[in-house]
């Protein structure tokens, strides 16, 4: 029976690409997003390619919803031993304009969500004596204008990852973080729109500042997830891998 992976925020973008890749790697995949209906396209794509998948709706920052979702996944797909905490949201603004809600919503999804999902799934991993947790950080963890909330959450995830690696390692569970740079996605398109930039020009400008001279794509992140959850990555834990086309892009 295939191992079971959970990918949060998997209706689109990096999450969808990761879910598809893990399905191609042989995992049964729980496609988690805020609304179950939003996850169905990803599930359909996985099933069309011959894989097994389940659409699950849950607010990852809500403890009760997370518990119900993970128990359902375990019952319908099997015990989850891979977790990719990808669900995210941006509420960008300069510090003096940032509202309490702008701060709280970002922390709710990124930090609380990753904590709750990891806590709910770790028992399946420790019982199996094998598990993989991958948290999505960002180059914004190094600081980014207009993202005090997002940068703080993404930096926090790096500390969270390292602590999980220390606590869970003896049970055969690794924990790593991926910090993407500029990725072509709905989120970055929204950023361009917010600052009033033409999308194609914005991508070209950002790509020009990246050492490999191109923008990143969701598949670039999915490839890295695929490695980190593989058997061969069992001695890689507590690491933050910047997938950004350079040391910081």
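Numbering (this note's numbering), first residue to last: 986 to 1234.
All residues carry an ideal CB built from backbone N, CA and C; glycine is no exception.
It should be emphasised that the depicted structure is a prediction, and the values quoted were computed from it without experimental measurement.
Residue 1105 and residue 1055 have their alpha carbons spaced roughly 7 Å apart.
Where residue 1168 is concerned, there is no enclosing alpha helix (DSSP H), because DSSP gives it neither an H nor an E. DSSP places residue 991 in the strand class (E or B) of the three-state scheme. In the DSSP assignment, residue 1119 forms a beta bridge with 1069 and 1161. Beyond the five residues adjoining it in sequence on each side, residue 1130 comes within less than 8 Å, by CB distance, of 1079 in the same chain, given in chain order. According to DSSP, residue pairing for residue 1135 in a beta bridge does not occur. Taking all protein chains in view, the Cβ of residue 1151 is surrounded by fewer than 16 other Cβ atoms within 10 Å, so the residue is classified as exposed. Residue 1010 sits in coil when the DSSP states are folded into three classes, being neither helix nor strand. The DSSP-derived three-state label of residue 1042 is strand. The beta-carbon separation of residue 1003 and residue 992, rounded to 5 Å, stays under the 8 Å limit for a contact. Looking only at 1172, 1092, 1085 and 1077, the smallest Cα-Cα distance to residue 1044 is reached by 1092. For the pair of segments examined, the stretch 1177 to 1186 was found not to touch the stretch 1108 to 1117: the number of CB pairs separated by less than 8 Å stays below three. For residue 1031, the uninterrupted alpha helix (DSSP H) segment begins and ends at 1025 to 1033. When beta bridges are read from the DSSP output, residue 1202 appears opposite no residue.
Rounded to whole angstroms, the gap between the alpha carbons of residue 1132 and residue 1077 is 5 Å. Residue environment for residue 1145: buried (at least 16 other C-beta atoms within 10 angstroms of its C-beta). Just so you know, the alpha carbons of residue 1127 and residue 1136 end up roughly 7 Å apart. Cβ neighbours of residue 1059 within its own chain (closer than 7 Å, five residues either side excluded): 1065 and 1109.
The beta carbon of residue 1116 sits closer than 6 Å to the beta carbons of 1066, 1110 and 1158 from its chain, once the five residues preceding and following it are set aside; these are given in chain order. Ranked by Cα distance from residue 1101, the options 1123, 1070 and 1215 are led by 1070. DSSP, reduced to helix, strand and coil, places residue 1180 outside both helices and strands of the structure shown, so it counts as coil. Residue burial is scored here from C-beta neighbours: residue 1197 has fewer than 16 other C-beta atoms within 10 angstroms and is therefore classed as exposed. Annotation for residue 1074: no beta strand (DSSP E) segment contains it, and DSSP assigns it neither H nor E.
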